[in-house]
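Here the protein sequences line up with chains D and Y, keeping their order.
Taking the numbering used here, the leading residue of the first sequence gets 118, the next gets one more, and so forth.
Taking the numbering used here, the leading residue of the second sequence gets 56, the next gets one more, and so forth.
Built from N, CA and C at the ideal position, the CB exists for glycine as well.
Just so we're clear, the structure is a prediction, and the values are computed from it rather than from any experiment.
Let me begin by presenting the structure, written as structure tokens, before commenting on it.
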Amino acid sequence: NAGVMQNPRHLVRRRGQEARLRCSPMKGHSHVYWYRQLPEEGLKFMVYLQKENIIDESGMPKERFSAEFPKEGPSILRIQQVVRGDSAAYFCASSPGGNTDTQYFGPGTRLTVL
Amino acid sequence: GNSVTQMEGPVTLSEEAFLTINCTYTATGYPSLFWYVQYPGEGLQLLLKATKADDKGSNKGFEATYRKETTSFHLEKGSVQVSDSAVYFCALSAYQTSYDKVIFGPGTSLSVIP
């Protein structure tokens, strides 16, 4: 049973470009969570999605960031017009249900903005 | 609101020393409590959990007891190894707004030296 998959593992972008981060949840999991971890800092919640629905986006910056989890395919976190401050590790987690509290994490995508 | 507080790091211990990482929480109702571990360059992994007062979670020699009277969930290990070097995150899951939201502490970095 494959775990949570994220790709790419490392992503380099220049300022102003777009970054697309992908997350495939564990088999049977329909709930996805995105977190951002800045260097030497803790984990910050960004967004919680179910298939085709955004449940909680209270941690998402209001501009440039968006997330989706379509009926088919992986969840996508999209960052438009990246800036150096977006450099961080972005982690995806999944769970089988909304009332299941244990989350299973992917290995993360490390975004570097030059 | 719900929150998690952990002891400041980094913590440096010699191999075979006793480990305690303090964690206290603030939450309404009856949260579930967790410890996650993050090894260098990897995502978070669930280490142990407890779902009700006086429960003890344990795994790989680590243990933590859910203490409702002191709102604490301290992580302990009797004899640490170099391979335990990692960042440890305390977390809680509690109903917030419309779902069980997981809140992470800031993390405590542990280095074990031979």
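Contacts of residue i in chain Y (Cβ-Cβ under 7 Å)
i      : result
D/T219 : L101 and K104
9 Å Cβ cut-off: residues of chain Y touching residue i
i      : result
D/L224 : In the sequence on display, residue 224 of chain D carries Pro and not Leu. In chain order: G96, E97 and G98.
Distance, residue j Cα to residue i Cα
i      : j      : result
D/G159 : Y/A119 : 21 Å
D/T226 : Y/K132 : 31 Å
D/F153 : Y/F73  : Note on residue identity: the sequence assigns Arg, not Phe, to residue 153 of chain D. So the two alpha carbons sit approximately 31 Å from each other.
Y/V142 : D/R195 : 27 Å
Y/T106 : Y/L88  : 6 Å
Y/L68  : Y/S138 : 12 Å
Y/D110 : Y/Y121 : 5 Å
D/A206 : D/Q123 : 11 Å
D/K179 : D/M163 : 11 Å
D/R131 : Y/P161 : 29 Å
Y/P117 : Y/P95  : First, the residue type needs correcting, since residue 117 of chain Y is Phe and not Pro in the sequence shown. Straight-line Cα distance between these residues: approximately 19 Å.
D/P213 : D/K188 : 15 Å
D/K161 : Y/H129 : 22 Å
Y/T157 : D/F222 : Reading the sequence as shown, one finds Val at residue 157 of chain Y and not Thr. C-alpha separation (whole angstroms): 13 Å.
D/C209 : Y/P169 : 34 Å
Y/T75  : Y/W90  : 13 Å
Y/A146 : Y/A108 : 15 Å
D/I135 : D/R201 : One detail in the question is off: residue 135 of chain D reads as Glu in this sequence, not Ile. So the two alpha carbons sit approximately 12 Å from each other.
Y/E70  : Y/N77  : 20 Å
D/W151 : Y/S113 : 27 Å
C-beta contact flag for residue i and residue j at 8 Å
i      : j      : result
D/T219 : Y/L101 : yes
Y/S134 : Y/V167 : no
Y/T60  : Y/T79  : yes
D/I172 : Y/Y85  : no
D/F182 : D/E169 : no
D/M143 : D/G176 : no
D/S192 : D/C140 : yes
Y/Q151 : Y/N57  : yes
Y/F159 : Y/Q93  : no
D/L155 : D/A184 : no
D/E228 : D/L128 : Inspection of the sequence shows that residue 228 of chain D is occupied by Leu rather than by Glu. Yes; because the gap between Cβ atoms is below 8 Å, this pair is in contact.
Y/G98  : D/P125 : no
Proximal residues of chain D, C-beta to C-beta of residue i below 9 Å
i      : result
Y/G116 : By Cβ distance, chain D contributes nothing, its closest Cβ being about 20 Å from Y/G116, past 9 Å.
Cross-chain neighbours of residue i in chain D, by beta carbon under 8 Å
i      : result
Y/Y160 : Residue identity check: residue 160 of chain Y is Gly in the sequence provided, not Tyr. G159, listed in chain order.
| query | Given a limit of 7 Å on CB to CB distance, which residues of the segment 82-99 of chain Y reach chain D? | reply | Result list: S87, E97, G98 and L99.
| query | Name the residues in the segment 146-169 of chain D whose C-beta lies less than 7 Å from a C-beta of chain Y; which are they? | reply | Within the segment 146-169 of chain D, the residues whose Cβ lies closer than 7 Å to some Cβ of chain Y are G159 and L160, listed in chain order.
| field | Where the segment 168-186 of chain D meets chain Y: residues whose CB sits under 9 Å from a CB there | value | So the close ones are I172, D173 and S175.
| message | Quick check: the segment 145-153 of chain D against the segment 122-132 of chain Y, are at least 3 beta-carbon pairs closer than 8 Å? | response | In short, these stretches do not touch, since the Cβ pair count stays below three.
| request: Quick one: which residues of the segment 126-145 of chain Y get their C-beta closer than 7 Å to a C-beta of chain D? List them in chain order. | output: So the close ones are F144.
| query | Quick one: any contact between the segment 62-73 of chain Y and the segment 154-165 of chain Y, if contact means 3 or more CB pairs under 8 Å? | reply | The answer is yes - the segment 154-165 of chain Y touches the segment 62-73 of chain Y, with three or more Cβ pairs under 8 Å.
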